[in-house]
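Asker: Chains Z and B supply the protein sequences, listed in that same order.
Note that my numbering numbers the first sequence so that position 173 is 173, with each residue one more than the last.
Note that my numbering numbers the second sequence so that position 49 is 49, with each residue one more than the last.
We put the beta carbon where it would ideally sit given N, CA and C, even for glycine.
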Amino acid sequence: MVIIMLLLFLPLETPVRQGKASAKEEPVVWGKDGVLWAGKAWSTSIGDLRLAYFTGSPEEIGAQMFQLVIAPESERMMEAFAFIKQQGLSGGFLERTFKNFYAKFKFIPTFKRHLPREYIRELEGFARATGDPRPGRLVNELLISNAWQDVSLVYGGCSFFAAWGEATGDGGMLVGRNLDYAGLAQLAEVQSVNFYEPETGYRFVTVNYPSMVGIMHGMNEKGIVIAKAYSTVVPEEATVDGIPFTIMLRHALQYGGSIDEVINIIKNTPRTVGLNILVADAARREAVVLEVSAYRMTVRRADRADADFIYGANRFLTPYLKEYQKPGWLSSAFRETRFERLKQVYWGDLTVEDAVQILRDKGVEDPDAPVLLPSIQNYATIASMVFDPDRLEIWVSAPGGFLTTDQVFTGISAAEVWRTGQPPTPVGFIPATETTPVVHVWQQVMTAAGASDQRKKELLTPVVERYPKAGYPLYLLGMTCLRTGELQAALEYLEQCVTRAELPDPYYLLAAHAWLGVGYDTLGLRQQALQHYEAGLAVELLEDVDPVFPQICRVGLRSPLLIDEKGQIKQAHRE
Amino acid sequence: MKRNLLSPFLLAAVTVIIFLSFSIPTNAAGVATEGARIGEVVILGNNRTGKEVIQRQLPFSVGDYWRDEYLALTLARLQALNCFDPLSLRVITEPLPGGELRVVVRASDTHLLYLDPLEFVIIKLQNLFSNYCTQTFYNPFGTGLNLTVGGGWGANPWVGLGFNQALSNGWFLQGNLQWSENSRQFYPTSDPPSFHSTGFSTGISLLCYNRVDCEYGGTVNYSPVRVALDGADRQQQAYLSFGPDLKWSRWFETRLALRYALDLTGNFPPYPAINAVLLHRRPIGENQFLTTLYAGHMANFAPLNRQFTIGGFGTVPIRSFSPAFTGHTYLNASLEYRHSLSGNLWLLTYADCGRAWSDHEKTGDYDWESGAGVGLAVETPLGYPVRLDLAHGLTGGGLAWRIGLDMDF
């Protein structure tokens with residue numbers, strides 16, 4: 001599946017010919033005072049934050065995207081795409097051939113049939129602007145790149161919330177949103193805040209990535225805010241035979257002037273995957289979460305107890321859609337408990353600054369005994385933003401990418417951009433998180449979560465010495481030692497994790513017991529192993545989890561397991 | 001031929017016992033919505049097919065009260081349109097505030113030339129190995145009309161045109177026109193019965209999916225050809241045949257076709273014919289046991305080129321033999337056990353037993369023939385598997401194999 005992503009980026013490896021006059025209507029690009037102009041469109045930056053303004057016909061907007069966002073930084077774009085390209089190169093010849101075959105003859109024709117024509121035109125404008133001798137092929141590749149999440153069913157985490165009425169200080173509406181997708185961290189570093197003034201529909205703003213026609217979040221001039229979070233569904237509830245969800249969200253934002261209109265658009269769209277979609281309507285003072293699969297949809301509203309505040313993570317909360325949820329674990333329940341907690345903390349006076357603090361949440365209640373756990377902000381968060389649809393302002397962390405939420409948030413008035421058509425002056429800044437010792441250590445743990453085994457050990461060893469009751473770093477370190485063959489050390493860390501440490505999310509307790517069982521089995525200590533397998537299965541979880549760790553425990557109870565030098569778990573008798 | 005290694009009577013006894021021991025399933029799940037009022041109908045995915053084409057096939061409309069059988073009936077009708085992506089075709093009911101229902105019909109048009117590219121490649125390869133090629137144009141005008149063209153080459157060349165037009169309320173009109181040159185030889189291989197014919201065959205059928213478990217309709221066929229039977233001189237033949245078709249599916253599946261054939265040239269006698277299939281699927285855990293009975297009869301004076309042909313991997317299978325048994329009557333039974341392996345694999349074992357009765361002077365050695373085999377089926381994203389079969393004759397025949405898609409799996 002990932003090879004499909006490659007299809008996008010291959011053509012971008014060719015030298016980009018900026019401003020090649022391949023079509024008469026393409027504007028000339030020129031720079032002045034740090035602003036790059038193409039007709040009425042422009043791109044600029046405020047510090048590390050990139051901004052762009054696109055206007056005109058779909059073809060013009062597509063061309064502007066290439067000329068103002070891609071071409072000026074083609075080398076950096078290539079670096080950002082390299083990681084994804086590496087993934088795309090995986091698989092043998094036959095596998096790649098098969099994927100290419102299906103992409104060409106199934107997915108692309110399918111998407112083209114379903115998509116409103118204007119988005120194809122936008123891609124055509126982009127393709128022509130590149131000067132590529134085969135723009136039709138490039139359109140297909142761009143189309144697949146816009147749909148690769150639908151095709152690959154690649155799921156990351158995400159969190160969002162909306163607060164209004166009694167929850168906020170002035171009764172206005174605020175929407176906070178974290179995009180969690182560690183695999184796109186490098187690409188996120190070249191994110192930009194894009195303001196659109198299309199020929200048809202409403203003007204809107206989004207934080208987006210180069211070559212994306214679709215969106216994952218945004219706000220339009222009517223004060224409608226949309227943000228999505230994946231919610232994995234059983235295979236029967238997903239399909240590629242529909243409109244790529246990012247383009248569906250773009251269409252909903254561009255043409256939805258109220259909650260009802262957005263609902264109507266999404267309801268009447270052939271969808272592809274499971275999503276939680278936050279739709280906030282500043283004028284109506286209401287926000288809802290649409291829980292959807294490819295085939296089903298229901299509207300979750302803030303109930304009376306939670307009036308004026310609604311949130312979502314990566315699982316469904318309505319009984320109807322829960323039936324179609326695929327068990328998995330993205331720590332949704334824990335993040336939901338954090339939203340509940342933070343709602344109480346900030347209730348009644350929630351400001352943009354408070355919204356940013358919610359997005360920066362690290363699960364810390366007691367600074368003297370931090371749990372150092374991934375929370376609303378976590379090791380996968382690559383973009384954070386707050387929308388103020390009453391003022392039509394967007395506050396974005398910059399630069400995008402790893403640990404971005406702790407960086408400076410810049411406030412931009414979309415209303416000003418749409419009114420003047422000129423690069424805006426920031427309406428304000430929210431300073432970066434103060435790097436207290438606890439914040440520093442938390443960031444260290446999050447860095448370790450995505451690091452190599454050796455780097456994990458380097459980062460985590462001092463942490464567990466300083467905070468011996470923080471369960472998550474103990475779990476990470478124990479698991480790492482087990483994988484690298486340091487069994488005694490692993491068992492010590494993991495025993496400490498399950499006996500003396502704090503683990504607010506019991507999923508890690510299950511995982512630690514499973515790893516302990518495997519570790520003891522590997523040492524031939526069957527009785528201890530059995531105790532941990534049983535303890536693992538006895539853990540009361542907050543949500544349905546993927547079956548891996550329960551399966552390890554169940555299999556381990558039947559016959560001994562061991563972990564080999566490659567870190568793979570096997571049944572001992574098969575050795 | 002070796003005789004009766006697998007007793008046909010034993011097979012028949014097993015078959016009868018299996019049919020008599022069917023269990024009546026309990027009510028299907030999902031009855032919670034039965035009786036709720038339909039507040040909204042959403043039709044999605046149709047960008048070529050007109051919405052009214054789909055609406056005409058829906059057995060319900062807004063304001064009706066939902067009945068559970070609508071689900072299968074709607075799906076059957078939409079599948080019969082044969083122009084929607086089979087993998088994403090869905091009819092979903094979901095609750096609305098106030099106790100009403102929303103019915104979502106997801107019917108996505110496919111590519112003009114194929115339902116799925118993988119299926120297209122496999123089927124075309126199959127076709128080419130079998131010396132023919134057909135191509136369907138799926139609903140090119142968005143009116144529910146599919147067009148098919150095809151042709152064969154080699155010993156039996158043919159060209160043909162066909163159509164399938166969706167009407168309304170579950171009615172479909174199908175038709176075909178084909179020219180062919182057909183040379184056939186039957187068992188026994190030494191001094192076989194044979195015929196050679198050249199001419200047209202045209203037919204038109206009306207089919208209705210009126211209930212979940214019942215399809216019915218009728219067919220008219222006209223086939224003017226010049227035919228030479230067993231090397232004799234060619235004669236004009238122009239049979240007009242007509243009769244009803246019925247398919248009933250509940251605890252087992254029944255297909256029945258009745259025909260009366262009349263030669264308009266007067267050179268050949270008129271005759272009646274009947275074809276029947278009885279199929280029972282018994283789930284055994286994740287596995288499945290299939291029992292199928294095939295039977296057909298026509299007047300014994302029907303000319304050779306109009307008589308039944310059974311055997312091979314054809315519609316009436318004796319999989320270790322060629323499809324070259326001819327007769328005015330046939331009876332056949334097949335047992336197939338499908339064992340679900342891990343992943344998307346099925347291990348298959350099967351046995352076929354059958355015979356044809358013919359008054360032809362060269363078919364005096366016809367007797368019960370049987371064969372057995374094993375196979376492997378690999379599920380595909382298309383919803384049905386590719387299967388590899390290897391069959392061995394127990395009463396003769398030989399070793400036979402086939403690889404291809406099994407759309408009735």
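Can you pull out the residues from the region 40 to 51 of chain B whose beta carbon lies closer than 8 Å to at least one beta carbon of chain Z?
Answerer: Those would be Val42, Leu44, Gly45, Asn47 and Arg48, in chain order.
Asker: Taking any Cβ of chain Z, which residues in the region 116 to 130 of chain B have a Cβ under 9 Å from it, in chain order?
Answerer: Of all residues in the region 116 to 130 of chain B, Asp116, Pro117, Leu118, Phe120 and Val121 have a Cβ within less than 9 Å of some Cβ in chain Z.
Asker: When DSSP builds the beta bridges, which residues end up paired with Met297 of chain Z?
Answerer: Counting from one through the first sequence, the residue named residue 297 of chain Z turns up at place 297. Beta-bridge pairing links Met297 of chain Z to Z:Val292.
Asker: Check whether the Cβ atoms of Ser223 of chain B and Tyr209 of chain B lie closer than 8 Å to each other.
Answerer: Within the second sequence, residue 223 of chain B is the residue found at index 223, counting from 1. Within the second sequence, residue 209 of chain B is the residue found at index 209, counting from 1. No, the Cβ-Cβ distance between Ser223 of chain B and Tyr209 of chain B is not below 8 Å.
Asker: Between Ala241 of chain Z and Asp352 of chain B, how many whole angstroms is the CB-CB distance? I'm expecting something under 8 Å.
Answerer: Looking up residue 241 of chain Z in the first sequence gives position 241. Looking up residue 352 of chain B in the second sequence gives position 352. Checking the sequence shown, residue 241 of chain Z turns out to be Asp, not Ala. Not really, about 38 Å apart at Cβ, beyond 8 Å.
Asker: Is Leu348 of chain B close to chain Z? Criterion is C-beta to C-beta, closer than 8 Å.
Answerer: Position 348 of the second sequence, counted from the start, is the residue given in the question as residue 348 of chain B. No, its Cβ sits nowhere closer than 8 Å to a Cβ of chain Z.
Asker: Give me the DSSP bridge partner(s) of Cys133 of chain B.
Answerer: Looking up residue 133 of chain B in the second sequence gives position 133. Cys133 of chain B is bridged to B:Gly151.
Asker: List, in chain order, every chain Z residue whose beta-carbon is nearer than 9 Å to that of Ser108 of chain B.
Answerer: Mapped onto the second sequence, residue 108 of chain B falls at position 108. Correct list: Thr110, Arg113, His114, Thr239, Asp241, Gly242 and Pro270.
Asker: In whole angstroms, give me the CA-to-CA distance for Ile24 of chain B and Ile43 of chain B.
Answerer: In the second sequence, the residue the question calls residue 24 of chain B occupies position 24. In the second sequence, the residue the question calls residue 43 of chain B occupies position 43. Reliability fails at Ile24 of chain B, whose pLDDT of 36 lies under 50, so the model's placement of it is uncertain and no value is given.
Asker: If you scan the region 62 to 90 of chain B from start to end, which runs of the alpha helix (DSSP H) of 4 or more residues do you find wholly inside it?
Answerer: As far as the region 62 to 90 of chain B is concerned, its whole alpha helix (DSSP H) runs of at least 4 residues are 69 to 81.
Asker: Can you list, in chain order, the residues of its chain whose CB lies under 6 Å from that of Ala391 of chain B, leaving out five sequence neighbours each side?
Answerer: Position 391 of the second sequence, counted from the start, is the residue given in the question as residue 391 of chain B. Hits under 6 Å: Arg319, Ser320, Gly371, Gly373 and Ala400.
Asker: Tell me where the beta strand (DSSP E) around Pro434 of chain B begins and ends.
Answerer: Nothing in the structure corresponds to residue 434 of chain B, since chain B is present only between 1 and 409.
Asker: Is the number of C-beta pairs between the region 66 to 82 of chain B and the region 98 to 110 of chain B that are closer than 8 Å three or more?
Answerer: Contact between the region 66 to 82 of chain B and the region 98 to 110 of chain B is present, because at least three Cβ pairs lie under 8 Å.
Asker: Taking only three categories from DSSP, how would you classify Phe364 of chain B?
Answerer: The residue you call residue 364 of chain B lines up with position 364 of the second sequence. Note that residue 364 of chain B is Gly in the sequence shown here, rather than Phe. It is coil, neither helix nor strand.
Asker: For the region 286 to 313 of chain Z, which residues have a CB atom closer than 8 Å to at least one CB atom of chain A, in sequence order?
Answerer: As a matter of chain content, chain A is missing from the structure shown, whose protein chains are Z and B.
Asker: Under a CB-based cut-off of 8 Å, is Lys40 of chain Z close to chain B?
Answerer: For the purposes of this step, residue 40 of chain Z is taken as residue 40 along the first sequence, with counting starting at 1. For Lys40 of chain Z, the answer is no, since every Cβ of chain B falls outside 8 Å of its Cβ.
Asker: If I'm right that Val288 of chain Z touches Arg300 of chain Z with Cβ under 8 Å, what's the distance once you round it to whole angstroms?
Answerer: For this step, residue 288 of chain Z is matched to residue 288 along the first sequence. For this step, residue 300 of chain Z is matched to residue 300 along the first sequence. So it is a contact: roughly 6 Å between Cβ atoms.
Asker: Measuring only between beta-carbons, confirm whether Asp68 of chain B sits less than 8 Å from chain Z.
Answerer: The count along the second sequence starts at 1 and reaches residue 68 of chain B at position 68. For Asp68 of chain B, the answer is no, since every Cβ of chain Z falls outside 8 Å of its Cβ.
Asker: For the ligand ATP, I want to know if Asp33 of chain Z counts as a neighbour, meaning its beta carbon is within less than 7 Å of at least one of the ligand's heavy atoms.
Answerer: The model depicted lacks the ligand ATP and carries no ligand whatsoever.
Asker: I'd like to know whether the C-beta of Lys570 of chain Z is nearer than 8 Å to at least one C-beta of chain B.
Answerer: As a first step, residue 570 of chain Z must be located in the first sequence, where it is residue number 570. No, its Cβ sits nowhere closer than 8 Å to a Cβ of chain B.
Asker: Taking the alpha carbon of Arg226 of chain B as the point to measure from, which residue in B:Arg211, B:Phe200, B:Phe242 and B:Gly150 has its own alpha carbon closest?
Answerer: On the second sequence, position 226 is the one that residue 226 of chain B refers to. If we check each option's Cα against that of Arg226 of chain B, B:Phe200 comes out closest.
Asker: My output table needs one value for Glu434 of chain Z: the three-state DSSP class, helix, strand or coil.
Answerer: Walking along the first sequence from the start, residue 434 of chain Z turns up at place 434. Coil.
Asker: Consider the Cβ of Val53 of chain B: report whether some Cβ of chain Z lies at a distance smaller than 8 Å.
Answerer: Along the second sequence, read from residue 1 onward, the residue named residue 53 of chain B stands at position 53. Not an interface residue.
Asker: Measuring CB atoms only, is the region 477 to 490 of chain Z touching the region 541 to 561 of chain Z, in the sense that at least three cross pairs come out at less than 8 Å?
Answerer: Contact between the region 477 to 490 of chain Z and the region 541 to 561 of chain Z is absent, because fewer than three Cβ pairs lie under 8 Å.
Asker: If the cut is a Cβ gap below 9 Å, which residues of chain Z does Leu58 of chain B touch?
Answerer: Along the second sequence, one-based indexing puts residue 58 of chain B at 58. In chain order: nothing, as chain Z lies at least about 17 Å away.
Asker: What would DSSP say about Arg402 of chain B, mapped onto helix, strand or coil?
Answerer: Within the second sequence, numbered from 1, the residue matching residue 402 of chain B stands at position 402. DSSP places Arg402 of chain B in strand when its eight states are reduced to three.
Asker: What residues from chain B crowd round Phe195 of chain Z, counting only those whose CB sits closer than 8 Å?
Answerer: Your numbering for residue 195 of chain Z matches position 195 in the first sequence. Those do not exist, as Phe195 of chain Z stays about 31 Å from chain B at its closest Cβ, beyond 8 Å.
Asker: Indicate whether at least one CB of chain Z lies closer than 8 Å to the CB of Glu379 of chain B.
Answerer: On the second sequence, residue 379 of chain B is found 379 positions in, with the first residue counted as 1. Judged by the 8 Å Cβ criterion, Glu379 of chain B is not in contact with chain Z.
Asker: May I ask which residues mark the beginning and end of the alpha helix (DSSP H) holding Leu167 of chain B?
Answerer: Taking the first residue of the second sequence as 1, we reach residue 167 of chain B at position 167. Note, Leu167 of chain B: premise wrong, no alpha helix (DSSP H); not H, not E.
Asker: Using the three-state DSSP reduction, which class does Asp191 of chain B fall into: helix, strand or coil?
Answerer: Position 191 of the second sequence, counting from 1, holds the residue named residue 191 of chain B. Coil.
Asker: How far does the beta strand (DSSP E) with His111 of chain B in it reach, from first residue to last?
Answerer: For the purposes of this step, residue 111 of chain B is taken as the residue at position 111 of the second sequence. It is not in any beta strand (DSSP E) - His111 of chain B carries neither H nor E in the DSSP assignment.
Asker: Residue range of the alpha helix (DSSP H) that Pro319 of chain Z falls in?
Answerer: One-based indexing of the first sequence puts residue 319 of chain Z at position 319. Element bounds for Pro319 of chain Z: Pro319 to Lys322.
Asker: Where does the unbroken alpha helix (DSSP H) through Asn305 of chain B begin, and where does it stop?
Answerer: Position 305 of the second sequence, counted from the start, is the residue given in the question as residue 305 of chain B. Taken as a continuous stretch (DSSP letters only), Asn305 of chain B belongs to no alpha helix (DSSP H), as it is neither H nor E.
Asker: Report the CB separation of Tyr467 of chain Z from Leu503 of chain Z in whole angstroms; it is logged as a contact under 8 Å.
Answerer: As a position in the first sequence, residue 467 of chain Z is number 467, starting the count at 1. As a position in the first sequence, residue 503 of chain Z is number 503, starting the count at 1. Wrong, their Cβ atoms sit about 13 Å apart, outside the cutoff.
Asker: Give a yes or no on contact between the region 341 to 352 of chain Z and the region 544 to 558 of chain Z, applying the rule of three or more CB pairs nearer than 8 Å.
Answerer: With a cut-off of 8 Å, the region 544 to 558 of chain Z and the region 341 to 352 of chain Z do not count as touching, because too few Cβ pairs lie within range.
Asker: Three Cβ pairs or more, each shorter than 8 Å: is that satisfied between the region 195 to 215 of chain Z and the region 347 to 366 of chain Z?
Answerer: Segments in contact, no.
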